[in-house]
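One structure below.
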Amino acid sequence: MRYVSTRGEAASLGFADVLLTGLAPDGGLFVPETWPELAPLDELRGLSYPELAVEVMWPFVEAPDVGSTGEPEITREDFSRMVHDSYTDFDSPAICPVRPLGDLWLLELFHGPTLAFKDVALQLVGRLFDHVLTARGSSVTILGATSGDTGSAAMDAFSGLSRAQCVILFPDGRTSDIQRRQMTTIAAPNCHAVAVDGTFDDCQDLVKAAFGDEEFRTEVGLSAVNSINWGRVMAQVVYYVSAHLEVSPEGTEVDFCVPTGNFGNVLAGWVAKRMGLPIRRLVVASNRNDILTRTINDGDMSTNEVVPTTSPSMDIQVSSNFERLLFEVLGRDGSAVSAMLGEFRGDGSVTVPSEILDRIRADFDAGRLSDDGAADVIERMHEDHGVLLDPHSAVGVGVAERILARTPDGATPMVCLATAHPAKFPDAVFAASGVRPTLPAKLGDLLELPEHFDHVPDDLDRVEELVRRVLAVRD
Ligand SMILES: *Cc1c(COP(=O)(O)O)cnc(C)c1O
Numbered sequence: 004m005r006y007v008s009t010r011g012e013a014a015s016l017g018f019a020d021v022l023l024t025g026l027a028p029d030g031g032l033f034v035p036e037t038w039p040e041l042a043p044l045d046e047l048r049g050l051s052y053p054e055l056a057v058e059v060m061w062p063f064v065e066a067p068d069v070g071s072t073g074e075p076e077i078t079r080e081d082f083s084r085m086v087h088d089s090y091t092d093f094d095s096p097a098i099c100p101v102r103p104l105g106d107l108w109l110l111e112l113f114h115g116p117t118l119a120f121k122d123v124a125l126q127l128v129g130r131l132f133d134h135v136l137t138a139r140g141s142s143v144t145i146l147g148a149t150s151g152d153t154g155s156a157a158m159d160a161f162s163g164l165s166r167a168q169c170v171i172l173f174p175d176g177r178t179s180d181i182q183r184r185q186m187t188t189i190a191a192p193n194c195h196a197v198a199v200d201g202t203f204d205d206c207q208d209l210v211k212a213a214f215g216d217e218e219f220r221t222e223v224g225l226s227a228v229n230s231i232n233w234g235r236v237m238a239q240v241v242y243y244v245s246a247h248l249e250v251s252p253e254g255t256e257v258d259f260c261v262p263t264g265n266f267g268n269v270l271a272g273w274v275a276k277r278m279g280l281p282i283r284r285l286v287v288a289s290n291r292n293d294i295l296t297r298t299i300n301d302g303d304m305s306t307n308e309v310v311p312t313t314s315p316s317m318d319i320q321v322s323s324n325f326e327r328l329l330f331e332v333l334g335r336d337g338s339a340v341s342a343m344l345g346e347f348r349g350d351g352s353v354t355v356p357s358e359i360l361d362r363i364r365a366d367f368d369a370g371r372l373s374d375d376g377a378a379d380v381i382e383r384m385h386e387d388h389g390v391l392l393d394p395h396s397a398v399g400v401g402v403a404e405r406i407l408a409r410t411p412d413g414a415t416p417m418v419c420l421a422t423a424h425p426a427k428f429p430d431a432v433f434a435a436s437g438v439r440p441t442l443p444a445k446l447g448d449l450l451e452l453p454e455h456f457d458h459v460p461d462d463l464d465r466v467e468e469l470v471r472r473v474l475a476v477r478d
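The working numbering puts the sequence shown at residues 4 to 478.
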């Protein structure tokens, strides 16, 4: 498989290079040159989750180009071993189990080590990085910004790897205590949590500025594992297939509803559909930061101020992965993507032409839910079904309910993605339901472990200085 950039100006690359590079040099995102076809569903039934994962992902990884030894950098055997290892730390044998929830289905993606769906992809991405870096005899510095969940999932996945230093910036005082402790209590010497005096946007701007500093970027070998990394999207395709096999034994159409921020998770659903999985519609669920809902429903792609909500991992106004969908609906025309996103960056708004919007709406529907609406869903689902939802998952469930009420249809199963464990957001869940969710036993000592982190002002020089110090200690 080769990968091309959504802006059309960068040279095509193989999987291993795309994995390590993240963003394409022309500013675009990498997408596969062609979409592989999924094997017939009947052939996939009965496979374990890791076996299914290898089947679904291998066409994206397989490389025609060979390294200096004449062996591919990643053989199918290597890949299969890494996939199996990635899911040994999940506390459900199904890895991503599906369970009925009233008229809906809930796809639980929070059984990994840090209790959010990011583990499903990052556990594999960490192992792939280690494998490729070892084969190449090189090393990287991962620099990332987090509003909470990506940071802990990345640090868990990269902890202990000798060829990657992992530096994660988080906004001081703006994550939940659980989220902060999941980063600051990791003892691995290659993982560094850094509190920044500022907001999540400030952290993200610092990361972008560091990547923009060409000299620094090469000096420390910067690399990224944020949600634009293709490896993450690829790994998320798998649970759409596993859930489909579970809820539709006949292999007929299924709907999915996905609580969305950066559009990475729901894009993976679109890829599954593109590969031939019978999905009727993908419902994008937003909180009050609803640029995606306005874009899909009205063609109004315009940014507003980010407002803090009880579902902070969806408090985003520029959804980077939407670019991958635009590339497809614009007929894979990189210059059209550049023009449209150039206008968006310049004016903060762009109107999606109606024929393009029709193409998007052929696959997507969208809805939004306020914090009060999400709290009501948490309370109701607890009362009616004894299930505690986290606020992100509750946004998805609430939007799915409304869409079903608008277009009643008893025949097509609706699968709602549950993206975090309720114990990750205990205060919001308690406020809504009167129940304080308990941390799974595997995190039992989280509240007692000592915390280690650095603290920097919102200043690029100080961040770069800190990264250099981290590397000097390693050497
Ligand atoms: C990251 C995250 C989301 C948003 O996922 P995207 O891929 O950015 O759309 C939703 N819920 C939770 C709990 C998350 O951590």
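In this text, a Cβ means the ideal position worked out from N, Cα and C, and glycines have one as well.
### Task
Return the first residue and the last residue of the alpha helix (DSSP H) that methionine 304 is part of.
Looking at the DSSP string, methionine 304 is not in any alpha helix (DSSP H); the run it does join, the beta strand (DSSP E), is 303 to 305.
### Query
Out of curiosity, what's the CA-to-CA distance linking valine 390 and glycine 267?
26 Å
#### Entry: Presumed contact (8 Å Cβ cut-off) between lysine 121 and threonine 91, rounded CB distance
Actually they are not in contact, since the Cβ atoms of lysine 121 and threonine 91 sit about 17 Å apart, beyond 8 Å.
### Query
Is histidine 134 buried or exposed, if buried means 16 or more other CB atoms sit within 10 Å of its CB?
buried
### Query
Would the C-beta of asparagine 232 count as close to ligand 3, meaning under 7 Å from any of its heavy atoms?
For ligand 3, the structure offers nothing, since it holds only ligand 1.
#### Entry: Closest by C-alpha distance to serine 436, when choosing among Asp387, Leu295 and Arg405
Asp387
### Task
With hydrogens ignored, establish whether the beta-carbon of threonine 263 is closer than 7 Å to any heavy atom of ligand 1.
yes
### Task
Within 10 angstroms of the Cβ of aspartate 464, are there 16 or more other Cβ atoms? Answer buried if so, exposed if not.
exposed
### Task
Report the residue from Gly31, Glu74, Arg84 and Pro75 whose alpha carbon sits nearest the alpha carbon of alanine 56.
Arg84
### C-beta neighbour in chain D for threonine 221, strict 8 Å
The question asks about chain D, but that chain is absent: this structure has only one protein chain.
### Message
Let me make sure I understand the geometry here. Which of Phe456, Ser15, Gly302 and Val470 has the alpha-carbon closest to that of isoleucine 363?
### Response
Gly302
### Message
Distance check for threonine 441 and alanine 426, CA to CA, integer angstroms please.
### Response
C-alpha separation (whole angstroms): 6 Å.
### Rounded straight-line distance, which links the Cα of alanine 191 to that of proline 443
22 Å
### Task
Identify the continuous beta strand (DSSP E) that holds aspartate 457 and give its terminal residues.
457 to 459
### Collapsed DSSP secondary structure at cysteine 206 in the structure displayed
Secondary structure of cysteine 206 (DSSP, three-state): helix.
### Message
Below 8 Å, how does it come out for the region 334 to 343 and the region 5 to 19: are there three or more Cβ pairs, yes or no?
### Response
yes
### Query
Leaving out five residues before and five after threonine 188 in sequence, what residues of the same chain have Cβ atoms less than 8 Å from its Cβ?
Within the same chain, threonine 188 has close Cβ partners Leu449, Leu452, Pro453, Glu454 and His455.
### Message
Using only the alpha-carbon positions, how far apart do phenylalanine 367 and valine 286 sit?
### Response
6 Å
### Task
Give the single residue among Thr296, Leu131, His395 and Val241 whose Cα lies nearest to the Cα of valine 355.
Thr296
#### Entry: Distance between methionine 304 and phenylalanine 325 (C-alpha atoms, nearest Å)
11 Å
### Task
Check isoleucine 231 in the structure and name its three-state DSSP category.
coil
### Query
On the premise that alanine 397 lies in contact with alanine 377, defined as a C-beta separation below 8 Å, what is that separation, rounded to the nearest angstrom?
4 Å
### Message
Let me check understanding here. Comparing Cα to Cα, which of Phe113, Leu23, Leu104 and Met60 lies closest to alanine 271?
### Response
Met60
### Query
Among residues of its own chain, excluding the 5 on either side of glutamine 182, which ones have a beta-carbon nearer than 6 Å to its beta-carbon?
Gly151
### Message
Please list the terminal residues of the continuous beta strand (DSSP E) segment that includes threonine 144.
### Response
It spans 143 to 148 - the beta strand (DSSP E) in which threonine 144 sits, taken as one unbroken run.
### Task
Under 6 Å Cβ to Cβ from valine 210, same chain only, skipping five residues before and after it: list those, please.
Result list for valine 210: Leu146 and Ala148, in chain order.
### Query
Between the beta-carbon of leucine 280 and the beta-carbon of tyrosine 242, is there less than 8 Å?
no
### Query
What first and last residue would you give for the beta strand (DSSP E) that runs through glutamine 168?
167 to 174
#### Entry: Nearest candidate by alpha-carbon position, reference leucine 329, set Pro315, Thr312, Ile299 and Thr306
Ile299
### Message
Measuring alpha carbon to alpha carbon, tell me which residue in Val21, Phe63, Cys194 and Arg5 is nearest glutamine 239.
### Response
Phe63
### Task
Identify the continuous alpha helix (DSSP H) that holds histidine 385 and give its terminal residues.
374 to 388
### Message
Measuring only the C-alpha atoms, how far is glycine 399 from methionine 278?
### Response
24 Å
### Task
Please check the pair valine 252 and methionine 317, which I expect to be a contact at CB under 8 Å, by giving their CB distance rounded to whole angstroms.
First, the amino acid is wrong: residue 252 is proline here, not valine. Not confirmed; about 32 Å, so no contact.
### Query
Using the C-alpha atoms, what's the distance from alanine 138 back to glycine 163?
17 Å
### Task
Count the other CB atoms, across all protein chains shown, that sit within 10 Å of the CB of valine 197; report buried if there are 16 or more and exposed otherwise.
buried
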